[in-house]
Each structure stands twice: as structure tokens, then as C-alpha cells.
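*Asks:*
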Ligand SMILES: [Zn+2]
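In my numbering, the protein residues as written are 881 to 1168.
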């Protein structure tokens, strides 16, 4: 059902949110009949706190974390990193991925939720969840209706010396943006990715946060409603899937707005590519 998640470059907040919505619809209220994980630490928890027999209360996203809450307060936290994905199947339907890629499976009343290549799987008690360092450190969630704009701006300002591209990816500032959206949001804002936050005006920061929320929300909606589940992310208004993005993945090609060649540079520890248009996104100081 989430076949498209394998096709997108990597899971970002919109993908996780969309998976959580679909999983909540399919699983909430059902009783777990089978639970397994290849991770011994997860199975050790089930010795004292079995998952089988519990009702699935909710499935929700927090940034790029996906949380399945079972009755009694037990929570399964997963994080997809680069390659993980959740699939939903009716029991008996052949999986679209090999069984060896399965890392965790939750079966409830004939529905199978299978986590393939999910690198982070944890079963947490309510107390552990409340104290969870990574979850507590997350900045405001861009897909949360109660998103705290001022808090996100304050957290950005707290990293004055860092390039704005890195700050957008920092889940402690705002939760939900991955590498594709980073490049696209900066293009839409007309800001060069290597500009230190200190060089941005308050209006720039307001605009960046506004565009970030719009883009994630728009991508959740188009992909939930899409009749074609293979439809990927889209930041342009084009109906042609080949023209869906402004700059991401378009190194050396002509900017869709001005025709200048799109630049690409490897950045950060994991050497992910950043894309930008040097004309539409002039460096700090050269902007009017
Ligand atoms: Zn351009």
C-alpha cells in the first residue's frame, strides 16, 4: 500500500505522517494477534510486557518518528532513517518486499503492518516515552496543527553561525524536513543554502518557516488523496511528474525559473547533496 515510499528518495516528515494516517485508519481499535521483531532488545521487552492481546489505540507521527500506541500505554517507536518503510497488507497477500527485509511486524485482525529495513525499533513504557531524549529534543512538528511558529524561529536564531540548509535539517529546530524539502524550500524562499542564520532577516526566517509548513502539508494532502500511489513529492505546480521539483536532483540542468544551471554540492557528514540556483538564490550580502 505504501509502495511509493520505496520510490521516493528518502522518508521525510510528509511520508511518515502519511504512513501514520493510513496505519491509524487500518489498525486503530484492532487487537494484536501477532507481534515479532528481528531485534532481540525489542523481543526482550515483550517477555514482561506482551504486545499480543493489546488493542492498538493510535498510530501517529512525531517529526520523522512513527509511534504505535497499544492499550496499557506501551508504545512502539520506529524511525525509518534512509531506507526504512512500513507496508500494510491484508493477511495472506504476498508482500512486495522479501521476508528477509522484515524488521518488525504487527498483525491485528487480518491486517499486517510490516516494517521493512526499519533501522530503529523500540518498545517503550509510558515512563520511558515521557523521558525519551530524542523525542523530547524535537523542535515543533511542521505537520502539527498546533505548530509553534515563534518557538521554531527562536530555535533557528539559536544556531546563528550554522548554514541555513543544515539548520532546516536539524530536527531539534523544526521536525519533519529531509534533504529533498531542504533544497526545495530554500529555492522557494530565494535563500542560498550556505547562508549563516545570522545573515537572515526576521522576515526571511518567517518566510522559511511559512514555506516549510505549506510544502509539507501540501505534500501530505496530495499523496493521501492521490489516485496514483506512485506520485512522488511535488513543490512546483506542474502536473507533469517530471517537473515536480524545482532544484532537487537537477544538478547541471537549467533552472525552471531563470534558466541558470542548477548547482549541486555534497554537504554534511553523510555527504548528502544540496541543490540550488545561484541566480534565484544569491549568496548573503549580494541580495538586494
Ligand atoms: Zn534560477
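C-beta: ideal position from N, C-alpha, C; glycine also.
Just so you know, these numbers come straight off a predicted model, no measurement behind them.
1. For residue 1065, report the span of its beta strand (DSSP E) as first-last.
2. Contact defined as beta carbons within less than 8 angstroms: I believe residue 896 pairs with residue 938. What is the distance between those atoms, to the nearest angstrom?
3. Kindly give me the distance between the Cβ atoms of residue 922 and residue 973, rounded to whole angstroms, as I take these residues to be in contact under 8 angstroms.
4. Helix, strand or coil, according to DSSP, for residue 1088 in the structure here?
5. Using CA coordinates, which residue listed in 1061, 936, 918 is at the minimum distance from residue 1113?
6. Please check the pair residue 926 and residue 988, which I expect to be a contact at CB under 8 angstroms, by giving their CB distance rounded to whole angstroms.
7. Using a Cβ-based criterion (distance less than 7 angstroms to any ligand heavy atom), does residue 1137 qualify as near ligand 1?
8. What is the DSSP secondary structure of residue 1044, counted as helix, strand or coil?
9. Among residues of its own chain, excluding the 5 on either side of residue 1183, which ones have a beta-carbon nearer than 8 angstroms to its beta-carbon?
10. Determine, using beta carbons only, whether residue 1093 and residue 1022 come nearer to each other than 8 angstroms.
11. With a threshold of 8 angstroms, are at least 3 pairs of Cβ atoms found where one atom belongs to the stretch 1034-1041 and the other to the stretch 993-1007?
12. Given the structure, does residue 959 come close to ligand 1, in the sense that its CB is under 7 angstroms from one of the ligand's heavy atoms?
13. Drop a sphere of 10 angstroms on the beta-carbon of residue 962, count the other beta-carbons inside from all chains shown, and report buried for 16 or more, exposed for fewer.
14. Looking at the strands, I want to know which residues DSSP matches up with residue 906.
15. If the criterion is Cβ atoms closer than 8 angstroms, does the pair residue 1164 and residue 1098 meet it?
16. Assign residue 1105 to one of two classes, buried (16 or more other C-beta atoms within 10 Å of its C-beta) or exposed (fewer than that).
17. In the stretch 918-964, which residue ranges form an unbroken beta strand (DSSP E) of at least 3 residues, counting only runs that do not cross its ends?
18. Hey, could you find the ends of the beta strand (DSSP E) residue 1152 is sitting in?
19. For residue 1009, report the span of its alpha helix (DSSP H) as first-last.
20. Just the C-alpha distance for residue 936 and residue 1072, rounded to the nearest angstrom, thanks.
21. Where does residue 1161 sit, in a helix, a strand or coil, going by DSSP?
*Replies:* This is what the structure holds:
1. Locating residue 1065 in the chain shown gives position 185, where the first residue counts as 1. That residue, residue 1065, is in no beta strand (DSSP E); its alpha helix (DSSP H) goes 1059-1069.
2. On the chain shown, residue 896 is found 16 positions in, with the first residue counted as 1. On the chain shown, residue 938 is found 58 positions in, with the first residue counted as 1. Not quite, the Cβ-Cβ distance comes to about 14 angstroms (not below 8 angstroms), so this is no contact.
3. Looking up residue 922 in the chain shown gives position 42. Looking up residue 973 in the chain shown gives position 93. Going by Cβ atoms, the distance from residue 922 to residue 973 rounds to 24 angstroms, so no, they are not a contact pair.
4. Here residue 1088 refers to the residue found at position 208 when the chain shown is read from its first residue. Of the three classes helix, strand and coil, the one that applies to residue 1088 here is helix, per DSSP.
5. As a working note, residue 1113 is residue 233 in the chain shown. For residue 1113, the nearest C-alpha among the options comes from 1061.
6. As a first step, residue 926 must be located in the chain shown, where it is residue number 46. As a first step, residue 988 must be located in the chain shown, where it is residue number 108. About 15 angstroms; that fails the 8 angstroms criterion.
7. Within the chain shown, the letter at position 257 stands for residue 1137. Yes, since a heavy atom of ligand 1 falls inside the 7 angstroms radius drawn around the Cβ of residue 1137.
8. The residue you call residue 1044 lines up with position 164 of the chain shown. In the structure shown, residue 1044 falls within a helical segment according to DSSP collapsed to helix, strand and coil.
9. For the chain, the structure presents residues 881 to 1168; residue 1183 sits outside this window and is missing.
10. The residue you call residue 1093 lines up with position 213 of the chain shown. The residue you call residue 1022 lines up with position 142 of the chain shown. Yes. Within cutoff.
11. no
12. Here the question's residue 959 lines up with position 79 in the chain shown. It does not: the Cβ of residue 959 is nowhere closer than 7 angstroms to a heavy atom of ligand 1.
13. Locating residue 962 in the chain shown gives position 82, where the first residue counts as 1. Exposed, since its Cβ has fewer than 16 Cβ neighbours within 10 Å.
14. Locating residue 906 in the chain shown gives position 26, where the first residue counts as 1. Beta-bridge pairing links residue 906 to no other residue.
15. Numbered from 1 along the chain shown, position 284 holds the residue referred to as residue 1164. Numbered from 1 along the chain shown, position 218 holds the residue referred to as residue 1098. Contact flag unset, no.
16. Taking the chain shown and counting its residues from 1, the one referred to as residue 1105 is at position 225. Any reading at residue 1105 must be qualified, since the residue scores a pLDDT of 40, below 50, and its modelled position is unreliable; no value is offered.
17. Counting whole runs of 3 or more residues, the stretch 918-964 contains the beta strand (DSSP E) stretches 936-942, 945-950, 955-959.
18. Taking the first residue of the chain shown as position 1, residue 1152 is located at position 272. That run of the beta strand (DSSP E) goes 1152-1156.
19. In the chain shown, the residue the question calls residue 1009 occupies position 129. First-last of the alpha helix (DSSP H) with residue 1009: 1006-1010.
20. The residue labelled residue 936 in the question sits at position 56 within the chain shown. The residue labelled residue 1072 in the question sits at position 192 within the chain shown. Distance between the alpha carbons of residue 936 and residue 1072: 45 angstroms.
21. By one-based count along the chain shown, residue 1161 stands at place 281. It is coil, neither helix nor strand.
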